[in-house]
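What follows is one structure encoded as C-alpha coordinates, with my remarks underneath.
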Amino acid sequence: MQMLKKLGVSALLCLLAGCSTVIVELPAINSGEARDLKPGSFVWHDLISDDPEGSVRFYSGLFGWQFSEFTPLNGRYWTISHRGRAIGGMVAQDSIPAKRDVSQWVSLLSVADPDVARSAIVNAGGEVLREPVALGPRGVVAVYADPNGAIFATVTSPSGDPESLTSEGDFLWHELWTSSVQDAVGFYASMSDHVSAEEVYFSDPVQTQLDYQLLVRSGVALAGVRSLPADDLPSLWMPFLRVASEERLRTLLERVSELGGEVLVPATARPAEGFLAVIAGPSGAPIALQTWAG
(Lines of atoms letter the chains of each structure in order from A and count residues from 1; the text may use other names and numbers.)
(Lines give C-alpha, C1' and ligand atoms only; values in the text may rest on other atoms or scores of the structure.)
Protein backbone atom coordinates (compact mmCIF):
# COMPACT_ATOMS: atom_id res chain seq x y z
CA MET A 1 0.00 0.00 0.00
CA GLN A 2 3.02 2.29 0.15
CA MET A 3 2.48 3.54 -3.41
CA LEU A 4 -1.06 4.63 -2.53
CA LYS A 5 0.26 6.98 0.15
CA LYS A 6 1.85 9.20 -2.53
CA LEU A 7 -1.50 10.55 -3.69
CA GLY A 8 -2.72 13.83 -2.29
CA VAL A 9 -4.19 17.25 -2.96
CA SER A 10 -0.87 19.10 -3.11
CA ALA A 11 0.34 16.90 -5.96
CA LEU A 12 -2.76 17.52 -8.03
CA LEU A 13 -2.60 21.24 -7.40
CA CYS A 14 0.72 21.22 -9.28
CA LEU A 15 -0.86 19.15 -12.04
CA LEU A 16 -3.96 21.26 -12.45
CA ALA A 17 -2.15 24.56 -12.40
CA GLY A 18 -0.44 23.58 -15.64
CA CYS A 19 -3.01 21.56 -17.57
CA SER A 20 -5.00 24.42 -19.04
CA THR A 21 -1.90 26.30 -20.17
CA VAL A 22 -0.48 23.32 -22.07
CA ILE A 23 -3.46 21.32 -23.30
CA VAL A 24 -5.96 23.67 -24.97
CA GLU A 25 -7.96 21.06 -26.87
CA LEU A 26 -8.41 17.35 -26.24
CA PRO A 27 -10.20 14.67 -28.30
CA ALA A 28 -13.86 13.92 -27.57
CA ILE A 29 -14.67 11.20 -25.06
CA ASN A 30 -17.33 9.78 -27.38
CA SER A 31 -16.00 8.79 -30.79
CA GLY A 32 -19.20 7.16 -32.01
CA GLU A 33 -22.66 8.54 -32.68
CA ALA A 34 -23.82 11.37 -30.44
CA ARG A 35 -25.32 10.05 -27.22
CA ASP A 36 -27.10 11.44 -24.21
CA LEU A 37 -25.22 12.49 -21.11
CA LYS A 38 -25.19 10.17 -18.09
CA PRO A 39 -24.97 12.61 -15.17
CA GLY A 40 -23.63 11.07 -11.98
CA SER A 41 -21.66 8.35 -13.80
CA PHE A 42 -17.91 8.13 -14.28
CA VAL A 43 -17.45 8.22 -18.04
CA TRP A 44 -13.73 8.84 -18.66
CA HIS A 45 -10.30 8.22 -17.13
CA ASP A 46 -7.00 10.01 -17.71
CA LEU A 47 -3.66 8.59 -16.62
CA ILE A 48 -0.99 11.10 -15.61
CA SER A 49 2.29 9.23 -16.26
CA ASP A 50 5.94 10.09 -15.67
CA ASP A 51 6.80 7.11 -17.89
CA PRO A 52 4.37 7.20 -20.81
CA GLU A 53 6.38 4.82 -23.01
CA GLY A 54 6.54 2.32 -20.14
CA SER A 55 2.82 2.78 -19.49
CA VAL A 56 2.06 2.05 -23.15
CA ARG A 57 4.07 -1.20 -22.98
CA PHE A 58 2.50 -2.16 -19.66
CA TYR A 59 -1.18 -1.74 -20.51
CA SER A 60 -0.77 -2.92 -24.10
CA GLY A 61 0.91 -6.07 -22.84
CA LEU A 62 -1.54 -6.66 -20.00
CA PHE A 63 -4.88 -5.87 -21.64
CA GLY A 64 -4.16 -5.15 -25.30
CA TRP A 65 -4.97 -1.45 -25.02
CA GLN A 66 -4.09 0.71 -28.03
CA PHE A 67 -2.53 4.17 -27.59
CA SER A 68 -2.85 6.93 -30.23
CA GLU A 69 -0.70 9.98 -29.62
CA PHE A 70 -2.21 13.42 -30.00
CA THR A 71 0.02 16.49 -29.60
CA PRO A 72 -1.76 19.63 -28.39
CA LEU A 73 0.68 22.57 -28.46
CA ASN A 74 3.75 21.52 -26.43
CA GLY A 75 2.02 18.73 -24.53
CA ARG A 76 1.84 15.00 -25.14
CA TYR A 77 -1.50 13.21 -24.91
CA TRP A 78 -2.64 9.73 -25.95
CA THR A 79 -6.15 8.39 -26.46
CA ILE A 80 -6.51 4.88 -25.03
CA SER A 81 -8.72 2.47 -26.96
CA HIS A 82 -9.77 -1.10 -26.23
CA ARG A 83 -11.43 -3.38 -28.77
CA GLY A 84 -11.90 -0.41 -31.06
CA ARG A 85 -13.56 1.89 -28.49
CA ALA A 86 -11.99 4.85 -26.69
CA ILE A 87 -11.92 4.27 -22.93
CA GLY A 88 -9.50 6.88 -21.60
CA GLY A 89 -6.42 8.98 -22.14
CA MET A 90 -2.87 9.51 -20.94
CA VAL A 91 -0.88 12.71 -20.51
CA ALA A 92 2.89 12.77 -20.12
CA GLN A 93 3.92 14.29 -16.82
CA ASP A 94 6.73 16.22 -18.50
CA SER A 95 3.96 18.24 -20.22
CA ILE A 96 3.04 19.55 -16.77
CA PRO A 97 5.06 21.95 -14.60
CA ALA A 98 4.88 19.68 -11.55
CA LYS A 99 7.69 19.81 -9.01
CA ARG A 100 7.36 16.15 -8.05
CA ASP A 101 5.81 12.92 -9.25
CA VAL A 102 2.03 13.26 -9.65
CA SER A 103 1.43 10.04 -11.62
CA GLN A 104 -2.11 8.80 -11.01
CA TRP A 105 -5.46 7.94 -12.59
CA VAL A 106 -8.04 10.75 -12.58
CA SER A 107 -11.69 9.69 -13.03
CA LEU A 108 -14.13 12.09 -14.70
CA LEU A 109 -17.74 12.34 -13.58
CA SER A 110 -20.40 13.36 -16.12
CA VAL A 111 -22.40 16.51 -15.30
CA ALA A 112 -25.12 18.13 -17.39
CA ASP A 113 -24.19 21.72 -16.53
CA PRO A 114 -20.67 22.53 -15.30
CA ASP A 115 -21.72 25.79 -13.61
CA VAL A 116 -24.61 24.19 -11.75
CA ALA A 117 -22.31 21.33 -10.73
CA ARG A 118 -19.68 23.77 -9.47
CA SER A 119 -22.22 25.57 -7.30
CA ALA A 120 -23.55 22.30 -5.87
CA ILE A 121 -20.05 21.05 -5.09
CA VAL A 122 -19.00 24.27 -3.37
CA ASN A 123 -22.25 24.51 -1.42
CA ALA A 124 -21.75 20.94 -0.21
CA GLY A 125 -18.25 21.74 1.09
CA GLY A 126 -16.10 20.71 -1.87
CA GLU A 127 -13.01 22.59 -3.03
CA VAL A 128 -12.44 23.88 -6.55
CA LEU A 129 -8.96 22.84 -7.69
CA ARG A 130 -9.46 23.81 -11.34
CA GLU A 131 -12.30 26.04 -12.50
CA PRO A 132 -14.43 24.73 -15.39
CA VAL A 133 -12.50 25.17 -18.65
CA ALA A 134 -13.42 24.35 -22.26
CA LEU A 135 -11.02 21.85 -23.85
CA GLY A 136 -12.38 21.77 -27.39
CA PRO A 137 -14.08 18.49 -28.41
CA ARG A 138 -13.52 17.09 -24.90
CA GLY A 139 -16.01 19.58 -23.49
CA VAL A 140 -15.91 21.52 -20.25
CA VAL A 141 -13.72 19.97 -17.56
CA ALA A 142 -13.22 20.97 -13.93
CA VAL A 143 -11.39 19.36 -11.00
CA TYR A 144 -12.42 19.25 -7.35
CA ALA A 145 -11.61 17.80 -3.97
CA ASP A 146 -14.43 16.49 -1.79
CA PRO A 147 -14.57 17.46 1.92
CA ASN A 148 -12.31 14.50 2.81
CA GLY A 149 -9.69 15.39 0.18
CA ALA A 150 -10.53 12.84 -2.54
CA ILE A 151 -9.87 14.20 -6.04
CA PHE A 152 -12.34 13.88 -8.90
CA ALA A 153 -13.00 15.69 -12.16
CA THR A 154 -16.20 16.57 -13.97
CA VAL A 155 -16.83 16.67 -17.72
CA THR A 156 -19.69 17.97 -19.83
CA SER A 157 -19.26 16.36 -23.24
CA PRO A 158 -20.72 18.07 -26.33
CA SER A 159 -20.86 14.69 -28.09
CA GLY A 160 -22.55 12.91 -25.21
CA ASP A 161 -21.10 10.23 -22.97
CA PRO A 162 -19.66 6.95 -24.28
CA GLU A 163 -21.43 3.65 -23.97
CA SER A 164 -20.53 1.49 -20.99
CA LEU A 165 -18.30 -1.43 -21.99
CA THR A 166 -18.15 -4.88 -20.41
CA SER A 167 -15.09 -6.69 -21.82
CA GLU A 168 -12.08 -7.74 -19.77
CA GLY A 169 -9.76 -4.76 -19.50
CA ASP A 170 -12.61 -2.23 -19.58
CA PHE A 171 -13.39 0.07 -16.67
CA LEU A 172 -15.89 -1.78 -14.50
CA TRP A 173 -16.44 0.08 -11.23
CA HIS A 174 -15.34 2.96 -9.04
CA GLU A 175 -14.93 3.08 -5.29
CA LEU A 176 -14.30 6.00 -3.01
CA TRP A 177 -11.94 4.98 -0.21
CA THR A 178 -12.61 7.62 2.39
CA SER A 179 -11.97 8.64 5.98
CA SER A 180 -15.67 9.37 6.53
CA VAL A 181 -18.24 7.30 4.64
CA GLN A 182 -21.26 9.18 6.00
CA ASP A 183 -19.86 12.60 5.08
CA ALA A 184 -18.87 11.34 1.63
CA VAL A 185 -22.22 9.83 0.67
CA GLY A 186 -23.99 12.99 1.81
CA PHE A 187 -21.68 15.11 -0.30
CA TYR A 188 -22.00 13.10 -3.53
CA ALA A 189 -25.75 12.56 -3.13
CA SER A 190 -26.20 16.34 -2.85
CA MET A 191 -24.31 16.92 -6.12
CA SER A 192 -26.88 15.36 -8.42
CA ASP A 193 -30.66 15.01 -8.46
CA HIS A 194 -32.14 11.64 -7.53
CA VAL A 195 -28.83 10.18 -6.26
CA SER A 196 -29.19 8.37 -2.96
CA ALA A 197 -27.07 6.16 -0.72
CA GLU A 198 -27.80 2.54 0.15
CA GLU A 199 -25.94 0.71 2.89
CA VAL A 200 -24.64 -2.73 1.96
CA TYR A 201 -24.54 -5.59 4.43
CA PHE A 202 -22.27 -8.56 3.85
CA SER A 203 -23.10 -12.08 5.03
CA ASP A 204 -19.54 -12.92 6.04
CA PRO A 205 -19.36 -12.15 9.78
CA VAL A 206 -15.64 -11.38 9.51
CA GLN A 207 -16.46 -8.45 7.21
CA THR A 208 -19.31 -6.89 9.22
CA GLN A 209 -17.08 -4.01 10.35
CA LEU A 210 -16.61 -2.79 6.78
CA ASP A 211 -18.56 0.42 6.30
CA TYR A 212 -19.75 0.23 2.68
CA GLN A 213 -22.47 2.13 0.84
CA LEU A 214 -23.62 2.47 -2.75
CA LEU A 215 -24.41 5.67 -4.61
CA VAL A 216 -27.57 4.84 -6.58
CA ARG A 217 -29.60 6.69 -9.20
CA SER A 218 -32.88 5.35 -10.64
CA GLY A 219 -32.08 1.92 -9.24
CA VAL A 220 -28.64 1.77 -10.88
CA ALA A 221 -25.51 1.61 -8.72
CA LEU A 222 -23.09 4.36 -9.76
CA ALA A 223 -20.19 3.76 -7.37
CA GLY A 224 -19.23 2.32 -4.00
CA VAL A 225 -18.09 4.23 -0.92
CA ARG A 226 -16.06 2.41 1.72
CA SER A 227 -13.94 3.15 4.74
CA LEU A 228 -10.19 3.37 4.21
CA PRO A 229 -8.42 -0.02 4.16
CA ALA A 230 -5.58 1.58 6.17
CA ASP A 231 -5.74 4.61 8.45
CA ASP A 232 -2.62 6.24 6.98
CA LEU A 233 -3.96 6.31 3.39
CA PRO A 234 -5.45 9.47 1.87
CA SER A 235 -9.05 9.49 0.73
CA LEU A 236 -9.14 8.68 -3.00
CA TRP A 237 -11.24 7.48 -5.89
CA MET A 238 -10.06 4.06 -7.09
CA PRO A 239 -11.01 2.95 -10.63
CA PHE A 240 -11.51 -0.78 -11.27
CA LEU A 241 -10.78 -2.81 -14.41
CA ARG A 242 -12.75 -5.94 -15.20
CA VAL A 243 -11.11 -9.37 -15.15
CA ALA A 244 -13.04 -12.47 -16.23
CA SER A 245 -12.13 -14.93 -13.46
CA GLU A 246 -9.90 -15.64 -10.47
CA GLU A 247 -7.65 -17.82 -12.63
CA ARG A 248 -7.30 -15.04 -15.18
CA LEU A 249 -6.59 -12.50 -12.42
CA ARG A 250 -3.74 -14.59 -11.05
CA THR A 251 -2.34 -15.03 -14.56
CA LEU A 252 -2.37 -11.27 -15.10
CA LEU A 253 -0.71 -10.62 -11.74
CA GLU A 254 2.13 -12.93 -12.72
CA ARG A 255 2.80 -10.66 -15.72
CA VAL A 256 2.72 -7.34 -13.86
CA SER A 257 6.35 -7.43 -12.73
CA GLU A 258 7.77 -8.54 -16.09
CA LEU A 259 5.90 -5.68 -17.78
CA GLY A 260 7.45 -3.15 -15.41
CA GLY A 261 4.65 -2.79 -12.87
CA GLU A 262 4.08 -3.72 -9.24
CA VAL A 263 1.42 -5.70 -7.38
CA LEU A 264 0.36 -3.47 -4.48
CA VAL A 265 -2.39 -5.72 -3.11
CA PRO A 266 -2.44 -9.42 -4.13
CA ALA A 267 -5.61 -11.25 -5.18
CA THR A 268 -7.99 -11.03 -2.23
CA ALA A 269 -11.55 -12.34 -1.86
CA ARG A 270 -14.13 -9.57 -1.77
CA PRO A 271 -16.80 -9.76 0.95
CA ALA A 272 -19.52 -9.23 -1.65
CA GLU A 273 -18.33 -11.18 -4.69
CA GLY A 274 -15.21 -12.10 -6.64
CA PHE A 275 -11.56 -11.25 -6.12
CA LEU A 276 -9.76 -7.92 -6.01
CA ALA A 277 -6.13 -6.92 -6.59
CA VAL A 278 -4.45 -3.51 -6.81
CA ILE A 279 -1.57 -2.96 -9.21
CA ALA A 280 0.55 -0.06 -10.45
CA GLY A 281 2.12 0.39 -13.87
CA PRO A 282 5.64 1.77 -14.41
CA SER A 283 4.48 5.28 -13.45
CA GLY A 284 3.33 4.06 -10.03
CA ALA A 285 -0.34 5.02 -10.56
CA PRO A 286 -2.53 2.49 -8.71
CA ILE A 287 -5.57 0.82 -10.25
CA ALA A 288 -7.75 -2.07 -9.06
CA LEU A 289 -8.53 -5.32 -10.87
CA GLN A 290 -11.87 -6.97 -10.08
CA THR A 291 -13.16 -10.35 -11.21
CA TRP A 292 -16.61 -10.12 -12.73
CA ALA A 293 -18.19 -12.90 -14.74
CA GLY A 294 -21.53 -11.20 -15.47
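Mapping the sequence shown onto my numbering, position 178 (from 1) lands on 203, and the numbers just tick up by one. Beta carbons: idealized from backbone N, C-alpha and C, even for Gly. The structure presented is a predicted model; accordingly, all values stated were derived computationally and were not measured.
The count of Cβ pairs closer than 8 Å, one atom from the segment 93-113 and one from the segment 193-212, reaches three, so the stretches are in contact. The alpha-carbon of L240 is positioned some 10 Å away from that of L201.
Taking C-alpha positions only, G299 is separated from R273 by approximately 12 Å. The DSSP-derived three-state label of S215 is helix.
According to DSSP, F177 shares a beta bridge with Y169. The beta carbon of Q91 sits closer than 6 Å to the beta carbons of S106 from its chain, once the five residues preceding and following it are set aside; these are given in chain order. The C-alpha of Q118 is placed about 31 Å away from the C-alpha of S205. D257 sits in coil when the DSSP states are folded into three classes, being neither helix nor strand. Where G79 is concerned, there is no enclosing beta strand (DSSP E), although the alpha helix (DSSP H) around it starts and stops at 77-88.
DSSP, read as helix, strand or coil, puts G161 in helix.
Two segments are said to touch when three or more pairs of C-beta atoms, one from each, lie closer than 8 Å; by this definition the segment 210-219 does not touch the segment 261-273. In this structure, the CA atom of R143 is about 10 Å from the CA atom of A149. Under the three-state reduction of DSSP, V136 is assigned to coil, being neither helix nor strand.
Residue pairing by DSSP places T203 opposite S252 in a beta bridge. As the crow flies, the alpha-carbon of S66 is around 6 Å from that of L247.
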